[in-house]
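Novice:
There are 2 protein chains.
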Amino acid sequence: MARPKSEDKRNAILDAATRLFAERGLAAAPTSEISKLAGVAEGTLFTYFGTKDELINSLYREIKLGLADAMMSDFPRKKNVRTRMRHVWDRDVRWGIANPRQRKVLGQLLVSEVLTKQSREAGSAPFVEFQTMIRDGIEGRVFRNDLPVELISKSLGALVEATIDLTVANPSKADRYRESGFQMLWAGITRR
Amino acid sequence: MARPKSEDKRNAILDAATRLFAERGLAAAPTSEISKLAGVAEGTLFTYFGTKDELINSLYREIKLGLADAMMSDFPRKKNVRTRMRHVWDRDVRWGIANPRQRKVLGQLLVSEVLTKQSREAGSAPFVEFQTMIRDGIEGRVFRNDLPVELISKSLGALVEATIDLTVANPSKADRYRESGFQMLWAGITRR
DNA sequence: TGTATAATTGAGTGAATACTCATCCACAGA
DNA sequence: TCTGTGGATGAGTATTCACTCAATTATACA
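Keeping their order, the protein sequence lines are chains A and B. Quick note, the first sequence lines up with residues 1 to 192 if you use the numbering used here. Quick note, the second sequence lines up with residues 193 to 384 if you use the numbering used here.
#1: Going by beta carbon distance, what residues of the same chain come within less than 7 Å of A:V81, once the five residues before and after it are set aside?
#2: Label B:S227 either buried or exposed according to how many other C-beta atoms from any shown protein chain fall within 10 Å of its C-beta, with 16 as the threshold for buried.
#3: Check each candidate in B:M277, B:G242, B:N362 and B:R211 and name the one with the smallest Cα separation from B:F319.
#4: Could you work out which residue in B:Q323, B:G349 and B:E246 is closest to B:D284 when comparing CA atoms only?
#5: Hey, B:T359 and B:I289 are a contact pair by Cβ (cut 8 Å); roughly how many whole angstroms apart?
#6: If you draw a straight line from the C-alpha of B:A214 to the C-alpha of B:R253, how long is it?
#7: In the structure shown, what three-state DSSP assignment does A:T116 receive?
#8: Once DSSP output is grouped into helix, strand and coil, what is the label at A:F49?
#9: Could you name the residues of the same chain whose beta carbon sits closer than 8 Å to that of A:D74, not counting the 5 residues immediately before and after it, in chain order?
#10: By the 10 Å Cβ neighbour count, where 16 or more other Cβ atoms means buried, how is B:L351 classified, buried or exposed?
#11: For a cutoff of 9 Å on Cβ pairs, would you count B:G315 as touching chain A?
#12: Counting beta carbon pairs with one atom in the region 362-382 of chain B and one in the region 335-349 of chain B, are three or more of them shorter than 8 Å?
#13: Quick one: grab the DSSP three-state call for A:F143.
#14: So which residues on chain B does A:Q108 lean against when the C-beta distance must stay under 7 Å?
#15: In chain B, which residues lie with their C-beta within 8 Å of the C-beta of A:D243?
#16: Using a cut-off of 7 Å between C-beta atoms, extract the partners of A:R24 located in chain B.
#17: In chain order, what residues of the same chain lie with their CB nearer than 8 Å to the CB of A:S112, ignoring the 5 residues before and after it?
#18: List, in chain order, every chain A residue whose beta-carbon is nearer than 9 Å to that of B:G271.
#19: In chain B, what lies closer than 7 Å to A:Y48 by C-beta?
#20: For B:L257, which residues in the same chain have their Cβ closer than 7 Å to its Cβ, ignoring the five residues on either side in sequence?
#21: Going by other Cβ atoms of all chains shown within 10 Å of its Cβ, with 16 needed for buried, is B:Q310 buried or exposed?
#22: Tell me whether B:L302, by its Cβ, gets closer than 8 Å to a heavy atom of the ligand GTP.
#23: Cα-Cα, which of A:A28, A:S58 and A:V40 is closest to A:S6?
#24: Let me know if B:G373 comes out buried or exposed under the rule of 16 or more other beta-carbons within 10 Å of its beta-carbon.
#25: How many Å lie between A:G50 and B:P222 at the Cα?
#26: Rounded C-beta distance between A:L270 and A:W89? I'm assuming under 8 Å.
#27: Answer yes or no: does any C-beta atom of chain B fall closer than 9 Å to that of A:E62?
#28: Listed from N- to C-terminal order along the chain, which residues in the region 331-354 of chain B have their beta-carbon within a distance smaller than 7 Å of any beta-carbon of chain A?
#29: Please confirm whether B:G329 has its beta-carbon closer than 9 Å to some beta-carbon of chain A.
#30: With 16 other CB atoms within 10 Å as the buried threshold, where does B:G235 fall?
#31: Determine the direct distance from the alpha carbon of A:Y48 to that of A:A16, and round the result to whole angstroms.
#32: State the CB to CB distance for the pair A:V105 and A:T18, rounded to an integer number of angstroms; the pair is presumed to be in contact (CB under 8 Å).
#33: With B:A204 as the anchor, note down where its alpha helix (DSSP H) starts and where it stops.
#34: Report the CB separation of B:A204 from B:A230 in whole angstroms; it is logged as a contact under 8 Å.
#35: State buried or exposed for B:A361, treating a residue as buried only when at least 16 other CB atoms are found within 10 Å of its CB.
#36: I'd like the span of the alpha helix (DSSP H) that includes B:A366, first residue to last.
Here you go:
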């Protein structure tokens, strides 16, 4: 190998892309500006990512990895379902508040037409333990038994979104919103 | 007036835009193809909508109006909160399933950077009665009192989304999902 | 230190596309 | 029926942008 690719450059490009995508949207962020903001020549962007679509797919995986890391690290595998659920809830909400740009870009990526099936699969792979937890909850009769696993996981995601939106609009109530949101989720999915 | 603008043409353009936006995304649907699919010349599109952005904003209002009509017509003002809530829930879920293209486009529009503040306001105006209903629920001590109005309304929207996603993936279980989703919402927001 | 290899650069290119405008034409009102 | 206004048309235009490539440069390895 003559000259190795630089992890730093790759990250700088992904970082610049995140900023510009968040500010202007995927389509209105030209590769010329992404590379300029990243401090590299436009051609360099294309040695790291073959096409703009490939850059977008890579960015998706990167963001999902970061989110998974935030949510699943220190996951209390041995504790009861409520504790595990709460762990995931808190981490998810906090990540969204602390990473508004990545969250915004994620929203754009998910409705875009450029994400490949593989990327979507790769993106959800790090969350397997989360699915397991939900199945535990159903089998252990903690959760209601008429709710499909997917409804529970999607609902958590959806309620997290609502909670973050509110917190962003009114940051001083962050703790209250996070608490209320979880109460609502928990009341919704558990047996009475 | 020499020749009046045709409501039909306007609708044809909005309809064609909906189809193409849903299939390819906002940015990848050129005005040339929208007008072709609508059966008018490209120039005509610009006599009805000054710019592509204006077309997009008009489309947003149109879709929101249709959704509001579906959700709020026959709204049982006099009935109790649960009945009203259920009315809105069922109509919202059914609309999403019956109008997948409009729903998809709505998702893209909401994360896009082209919607004006006015459009967003105009879009939520037809839903005032819905807000009133939630306030009724809180004041009448039907709902828990630690939940902000916005969390409840956003959660309904979010759970509707999750329910529709599931139904689209598995249409034969439509009734079950719609029921379970509402149970979950209701359990989450009401006092025990 | 020398050399082969691959990264880096940025001006250049071709394709795509939002919007224009000269011309034509349909219709409301007289 | 006539006429003036303004809608309808689509080829044309200016611009933007993803991607290329020949020249240059840095570095791993001998």
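The beta-carbon is built from N, C-alpha and C at its ideal position, and this holds for glycine as well. Predicted model only: the values in this text are computed from it and were never measured.
Specialist: In short:
#1: Residue numbering aside, residue 81 of chain A sits at position 81 when the first sequence is read from its first letter. Excluding residues within five positions, the ones whose Cβ falls inside 7 Å are M133, D136, G137, G140 and V142.
#2: Counted from its first residue, the second sequence places residue 227 of chain B at position 35. B:S227 should be labelled buried.
#3: Working through the second sequence from its first residue, we reach residue 319 of chain B at position 127. The option with the nearest alpha carbon to B:F319 is B:M277.
#4: Your numbering for residue 284 of chain B matches position 92 in the second sequence. Measuring from the Cα of B:D284, the nearest candidate turns out to be B:G349.
#5: Walking along the second sequence from the start, residue 359 of chain B turns up at place 167. Walking along the second sequence from the start, residue 289 of chain B turns up at place 97. Confirmed, about 6 Å.
#6: For this step, residue 214 of chain B is matched to residue 22 along the second sequence. For this step, residue 253 of chain B is matched to residue 61 along the second sequence. Computed Cα separation, rounded: 16 Å.
#7: Here the question's residue 116 of chain A lines up with position 116 in the first sequence. A:T116: coil per DSSP, three-state reduction.
#8: By one-based count along the first sequence, residue 49 of chain A stands at place 49. In this structure, A:F49 counts as coil in the three-state DSSP scheme.
#9: Taking the first sequence and counting its residues from 1, one reaches residue 74 of chain A at position 74. So the list reads H87, once near-sequence residues are dropped.
#10: Walking along the second sequence from the start, residue 351 of chain B turns up at place 159. So B:L351 counts as buried.
#11: On the second sequence, position 123 is the one that residue 315 of chain B refers to. Judged by the 9 Å Cβ criterion, B:G315 is not in contact with chain A.
#12: yes
#13: What you label residue 143 of chain A is simply residue 143 of the first sequence in a count that begins at 1. Of the three classes helix, strand and coil, the one that applies to A:F143 here is strand, per DSSP.
#14: If you number the first sequence from 1, residue 108 of chain A lands on position 108. Result: V303.
#15: Here chain A has residues from 1 to 192 only, and residue 243 of chain A is not among them.
#16: Numbered from its first residue, the first sequence carries residue 24 of chain A at position 24. Correct list: E305.
#17: Along the first sequence, read from residue 1 onward, the residue named residue 112 of chain A stands at position 112. Hits under 8 Å: L26 and I56.
#18: Taking the first residue of the second sequence as 1, we reach residue 271 of chain B at position 79. The question names Gly, but residue 271 of chain B is Lys in the sequence shown. Near B:K271 there are no residues of chain A at all, since even the closest Cβ is about 23 Å away, more than 9 Å.
#19: As a position in the first sequence, residue 48 of chain A is number 48, starting the count at 1. Under the 7 Å cutoff, chain B gives no residues; its nearest Cβ is about 23 Å from A:Y48.
#20: In the second sequence, the residue the question calls residue 257 of chain B occupies position 65. The answer, listed in chain order, is P318.
#21: As a first step, residue 310 of chain B must be located in the second sequence, where it is residue number 118. Exposed is the call here.
#22: With respect to the ligand GTP, the structure offers nothing, as it holds no ligand at all.
#23: On the first sequence, residue 6 of chain A is found 6 positions in, with the first residue counted as 1. Closest option to A:S6, Cα to Cα, is A:V40.
#24: Counted from its first residue, the second sequence places residue 373 of chain B at position 181. Buried, since its Cβ has 16 or more Cβ neighbours within 10 Å.
#25: Counting from 1 along the first sequence, the entry for residue 50 of chain A is found at position 50. Counting from 1 along the second sequence, the entry for residue 222 of chain B is found at position 30. A:G50 and B:P222: Cα-Cα distance of roughly 25 Å.
#26: This structure gives no information on residue 270 of chain A, because the portion of chain A shown stretches from 1 to 192.
#27: Sequence index remark: in the first sequence, residue 62 of chain A carries index 62 (1-based). So, not an interface residue.
#28: D338, L339, P340, E342, L343, K346, S347, A350, L351, E353 and A354
#29: For the purposes of this step, residue 329 of chain B is taken as the residue at position 137 of the second sequence. No, B:G329 does not count as interfacial toward chain A.
#30: As a first step, residue 235 of chain B is located in the second sequence; it is residue number 43 there, counting from the start. It counts as exposed.
#31: In the first sequence, counting from the first residue as 1, residue 16 of chain A sits at position 16. In the first sequence, counting from the first residue as 1, residue 48 of chain A sits at position 48. Cα to Cα, A:A16 sits roughly 14 Å from A:Y48.
#32: The residue you call residue 105 of chain A lines up with position 105 of the first sequence. The residue you call residue 18 of chain A lines up with position 18 of the first sequence. Indeed they touch by this definition, with Cβ atoms about 6 Å apart.
#33: Residue 204 of chain B sits at position 12 when you count from the first residue of the second sequence. Start and end: E199 to R216.
#34: For the purposes of this step, residue 204 of chain B is identified with residue 12 of the second sequence, where counting begins at 1. For the purposes of this step, residue 230 of chain B is identified with residue 38 of the second sequence, where counting begins at 1. With a Cβ gap of about 4 Å, B:A204 and B:A230 count as contacting.
#35: The residue labelled residue 361 of chain B in the question sits at position 169 within the second sequence. The residue in question, B:A361, is exposed, as its Cβ has fewer than 16 Cβ neighbours within 10 Å.
#36: Indexing the second sequence from 1 puts residue 366 of chain B at position 174. Residues A366 to I381.
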